[in-house]
Amino acid sequence: MPKVKAEKRGRQPRREGQGPGILFNTGIGQHILKNPLIVNNIIEKAALRPTDVVLEVGPGTGNLTVKMLEKVKKVIACELDTRLVGELQKRVQGTCLANKLEIKVGDVLKTDLPFFDTCVANLPYQISSPFVFKLLLHRPFFRCAILMFQREFALRLVAKPGNKLYCRLSINTQLLARVDHLMKVGRNNFRPPPKVESSVVRIEPKNPPPPINFQEWDGLVRIAFVRKNKTLSAAFKSSAVQQLLDQNYRIHCSIHNIEIPENFKIAETIQMVLKNTGFSEKRARSMDIDDFIRLLHGFNSEGIHFS
């Protein structure tokens, strides 16, 4: 969907839709939000303050940017396409807003994020998932993010246990943040129209974050959701999973000078943990955050780790 960056070398971009002197590259997700009512609604949902520093990713021609500059202390706009950077600079040149705008040219996934209070972004869909977790693991904490996503991606972010869209993305995001679906945005609100419908989501990081090693948490959740309709007992019978956990267990014992019993078998220990925690016949699709926390604690108590 929305604007984007990064063309692959050797491949000609697909260009559709004419802006003010510029062709948008839909092959890398450049779809400019043109409806001023949607723009104003997004800004209202962000609840911007005069003292705010706002991070905007993919400003495009600046429809959101200019409106935010009127309300905040500073906007830091991250844009990969130098053509769009030029359009944005021309739009504020010679105005009182120019000194409040800082443009960072480059791939936002490959650079350190600056300090900011709020993030507002009409994201390229290609970077939705990695950008969400880059945001949620960013420190210091920001107040909230108002982000435009492909509709199905947005619905996965807010899906609850039992919902058919509930997945690893859902539980990982909800572990670290409160996520709310704010509004649907139809294709015709963009120039040129994308092929998919869009949604705006509000993400508010949990501060303080839960006292959990996220890398290890994600290791457990990844295994459980590979086949989310399988029982956990079946999911953990995978030879690749057992080999990984056996290796992790032996490293753990070595580090902590724990002697490994001669008859130790990782498969038996895994099934014991699943049975003792009551999750042996549970399926990932129906388990919530508290369930996975209890399961992770059960494994860790037996020296089994996931990172």
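Each residue of the sequence shown is one higher than the one before, counting from -7 in our numbering. Note that the Cβ used here is the ideal one computed from N, Cα and C, for glycine as well.
Give the DSSP bridge partners of residue i, in chain order.
i: C70; result: V49 and K96
i: F141; result: S191
i: C111; result: L47 and A137
i: H173; result: V193
i: L129; result: Its beta-bridge partners do not exist; DSSP assigns none.
i: L25; result: F182
Which same chain residues, not among the five before or five after residue i, have their C-beta less than 7 Å away from its C-beta?
i: R286; result: T269
i: K152; result: Y158
i: N27; result: N181
i: F133; result: P197 and N199
i: L174; result: K37, V192, V193 and R194
i: D238; result: I258
i: D44; result: V64, K65, D109 and T110
i: P201; result: L168
i: A216; result: L224, A227 and A276
i: P253; result: none
Assuming residue i and residue j make a contact with CB atoms under 8 Å, what is their CB distance in whole Å?
i: K65; j: K92; result: 7 Å
i: E208; j: T261; result: Actually they are not in contact, since the Cβ atoms of E208 and T261 sit about 17 Å apart, beyond 8 Å.
i: V58; j: V84; result: 7 Å
i: Q81; j: I95; result: 7 Å
i: K220; j: A137; result: 27 Å between Cβ atoms; not a contact.
i: F123; j: V97; result: Between V97 and F123 the Cβ distance is about 17 Å, and since that is not below 8 Å, they are no contact.
i: K274; j: L224; result: 6 Å
i: L128; j: G50; result: Not confirmed; about 18 Å, so no contact.
i: I24; j: R160; result: That pair is no contact at about 32 Å.
i: Q166; j: I281; result: 6 Å
Kindly indicate if chain C contains any beta-carbon less than 8 Å away from that of residue i.
i: Q166; result: Of the chains in the structure shown, none is chain C; there is only one protein chain.
Between residue i and the rest of its own chain, which residues show a CB-CB distance below 6 Å, the 5 nearest in sequence each way excluded?
i: L288; result: L212
i: S162; result: R148 and A151
i: V265; result: G290, F291 and E294
i: D283; result: none
i: F256; result: none
Kindly list the residues whose CB is nearer than 8 Å to the CB of residue i, restricted to its own chain and excluding five residues on each side of it in sequence; keep chain order.
i: I35; result: L56, K59, M60, K63 and V112
i: Q263; result: S225, F228 and S272
i: T103; result: C70 and K96
i: R179; result: P185, P186, K187, V188, E189 and S190
i: F107; result: V45 and P132
Those runs of the beta strand (DSSP E) which lie wholly inside the segment 177 to 241 and span at least 3 residues: 190 to 197
Cβ contact (3+ pairs, closer than 8 Å) linking the segment 133 to 150 and the segment 176 to 194: yes
Length-filtered (3 minimum) beta strand (DSSP E) runs lying within the segment 260 to 289: none
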